[in-house]
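Residue numbers (this note's numbering): 29 to 341.
What follows is a single structure, written as structure tokens, with notes after it.
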């Protein structure tokens, strides 16, 4: 059992003097420390200071060593034989599809991809890097046939072309590094594709990132190796404050995007072993931050140090 002055389950209200009981790689119970101790009187307790939260989930990350607090990520690799393809964390490894023509795709590309998907023993998806519209259409078919996740990059494709190919949908999340007009945001919203906000969007067009949140888009953060999802969440909060605004519930929505949002982007937010939340049946991955205060979500966005990253095994 891990306990702390504050537990932030994300899927439920913050718990003062809370605890998380775990068995192997799963959460058994989350609640007030006294209740969890009563249910598991023989449990060994690890007491943390600060706040226990679900592990942060990075929706677009390089395969380099993750920063503190991150327990799952979406990583793009060129081939399953790449040593970086074997995930050190939870999440999904996306195989980059770069085939330049329909002919090359039909000759070798398609069969090579399908073989790779069948042979790997970890969660795998497809990163659509090809510019060929017919290959994109076939990737959309493969995604639905095999139940695969898809990651696309708006630096490579526009939303209309992606939609025409059938790529967009709940099985797909979109790395957003550049400006997004209202029509593009609406299309992503209608297709229920998660928008993974990347650092360059926050630097160049923070108003677009805020609009995604305000308009009801499903949101996650993709760091591309620059800091953590909480750093990006804090950048949006600071932008809003710099404009003299106070938006109700903003801090909570941003923290949810840094955890549950990334899980949703990879389709790992439901079912046994789900991530991004602390609840019975979820993976026992969590982070501990030296954060405290009356407003837990605000405290987490104030830049507290990460004291521990715990990954279930």
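Every residue, glycine too, gets a C-beta built ideally from N, C-alpha and C.
Handout entry: Short Cβ contact (7 Å threshold) for residue 184 with residue 207
Key = Not a contact, by the Cβ cut-off of 7 Å.
Practice task
Indicate whether residue 288 and residue 299 have their beta-carbon atoms separated by less than 7 Å.
Solution key: Not in contact: residue 288 and residue 299 (Cβ atoms no closer than 7 Å).
Problem - Nearest neighbour of residue 291, chosen from 256, 248, 47, 131 [CA to CA] - result: Measuring from the Cα of residue 291, the nearest candidate turns out to be 248.
Practice task
Return helix, strand or coil for residue 179, following the three-state DSSP convention.
Solution key: Three-state DSSP puts residue 179 in a strand.
Problem - Contacts around residue 45, its chain only, beta-carbon distance under 7 Å, and the 5 residues preceding and following it disregarded - result: Within the same chain, residue 45 has close Cβ partners 33, 60, 61.
Exercise for the section: Taking residue 267 as part of the alpha helix (DSSP H), name the residues at either end of that continuous run. Expected result: Per DSSP, residue 267 belongs to the alpha helix (DSSP H) from 257 to 270.
Handout entry: Length-filtered (3 minimum) beta strand (DSSP E) runs lying within the stretch 53 to 106
Key = Fully contained in the stretch 53 to 106 are the following beta strand (DSSP E) runs of length 3 or more, in chain order: 54 to 60, 79 to 82, 84 to 89, 98 to 105.
Exercise for the section: Return the chain-ordered list of same chain residues with a C-beta closer than 6 Å to the C-beta of residue 219, the five sequence neighbours on each side being excluded. Expected result: Only residues of its own chain outside the window of five on either side were considered, and among them 196, 197 have a CB closer than 6 Å to the CB of residue 219, listed in chain order.
Exercise for the section: Provide the residue(s) that pair with residue 201 in DSSP beta bridges, ordered along the chain. Expected result: Residue pairing by DSSP places residue 201 opposite 179, 222 in a beta bridge.
Practice task
Would you kindly work out how many angstroms separate the C-alpha atoms of residue 37 and residue 98, rounded to a whole number?
Solution key: Approximately 16 Å between the Cα atoms of the pair.
Handout entry: residue 30 - partner residues in DSSP beta bridges
Key = Paired residues: 48, 74.
Handout entry: Residues near residue 127 in its chain [Cβ-Cβ closer than 6 Å; skip 5 each side]
Key = So the qualifying residues of the chain are 133, 137, 158, 163.
Handout entry: Simplified DSSP state of residue 329, which is helix, strand or coil
Key = Three-state result, residue 329: coil.
Exercise for the section: Examine the Cβ distances between the stretch 277 to 288 and the stretch 45 to 56 and report whether three or more of them are shorter than 8 Å. Expected result: With a cut-off of 8 Å on Cβ pairs, the stretch 277 to 288 is not in contact with the stretch 45 to 56, counting fewer than three such pairs.
Practice task
Taking only the alpha-carbon atoms, compute the straight-line gap between residue 119 and residue 41 and give it to the nearest angstrom.
Solution key: For residue 119 and residue 41, the distance between alpha carbons rounds to 25 Å.
Handout entry: Beta-carbon contacts of residue 64 that lie in its chain and below 7 Å, excluding the five residues immediately before and after
Key = The beta carbon of residue 64 lies closer than 7 Å to those of 29, 47, 49, 57 in the same chain, with the five residues before and after it left out.
Problem - Residues that DSSP places opposite residue 122 in a beta bridge - result: Residue pairing by DSSP places residue 122 opposite 104, 153 in a beta bridge.
Handout entry: Counted within 10 angstroms of its Cβ, other Cβ atoms place residue 293 as buried (16 or more) or exposed
Key = By the neighbour-count criterion, in which a residue is buried when 16 or more other Cβ atoms sit within 10 angstroms of its Cβ, residue 293 is buried.
Problem - Spatial neighbours of residue 223 in its chain, beta-carbon cut-off 8 Å, leaving aside the 5 residues before and after - result: Only 201, 202, 204, 208, 213, 216, 240, 245, 246, 247, 248 meet the Cβ criterion.
Practice task
Please list, in chain order, all residues of the same chain as residue 267 whose beta carbon is under 6 Å from its beta carbon, the five residues on each side excluded.
Solution key: Taking residue 267 as the centre and dropping the five residues before and after it, the same chain places the C-beta of 234 closer than 6 Å to its C-beta, in chain order.
Exercise for the section: Return the first residue and the last residue of the beta strand (DSSP E) that residue 141 is part of. Expected result: Counted as a single uninterrupted DSSP element, the stretch harbouring residue 141 is not any beta strand (DSSP E) but the alpha helix (DSSP H) occupying residues 138 to 147.
Practice task
Could you tell me the distance, in whole angstroms, from the CA atom of residue 341 to the CA atom of residue 130?
Solution key: Here the alpha carbon of residue 341 sits roughly 42 Å from the alpha carbon of residue 130.
Handout entry: Coarse secondary structure for residue 285, derived from DSSP in three states
Key = Of the three classes helix, strand and coil, the one that applies to residue 285 here is helix, per DSSP.
Handout entry: Those residues which DSSP pairs with residue 311 across a bridge
Key = Its beta-bridge partners are 54.
Exercise for the section: Under the assumption that residue 96 contacts residue 337 (Cβ atoms under 8 Å), give the Cβ distance between them as a whole number of angstroms. Expected result: With 8 Å as the limit, residue 96 and residue 337 qualify as a contact, their Cβ atoms being about 5 Å apart.
Problem - Beta-carbon proximity of residue 102 to residue 87, cut-off 7 Å - result: Yes. Within cutoff.
Exercise for the section: Reducing DSSP to helix, strand and coil, say where residue 278 ends up. Expected result: Residue 278 falls in the helix class under three-state DSSP.
Practice task
Would you please state the rounded distance, in angstroms, between the beta carbons of residue 31 and residue 72? I believe it to be under 8 Å.
Solution key: That pair is no contact at about 11 Å.
Exercise for the section: Inspect the beta-carbon positions of residue 312 and residue 135 and report whether they are closer than 7 Å. Expected result: Remark: C-beta atoms of residue 312 and residue 135 do not approach each other more closely than 7 Å.
Problem - residue 241 in three-state terms, based on DSSP - result: Helix at residue 241.
Exercise for the section: Note down, in chain order, each residue of its chain lying with its Cβ closer than 8 Å to the Cβ of residue 166, except the 5 sequence neighbours on either side. Expected result: If we look at residue 166 and ignore the five residues flanking it on each side, its Cβ neighbours are 133, 138.
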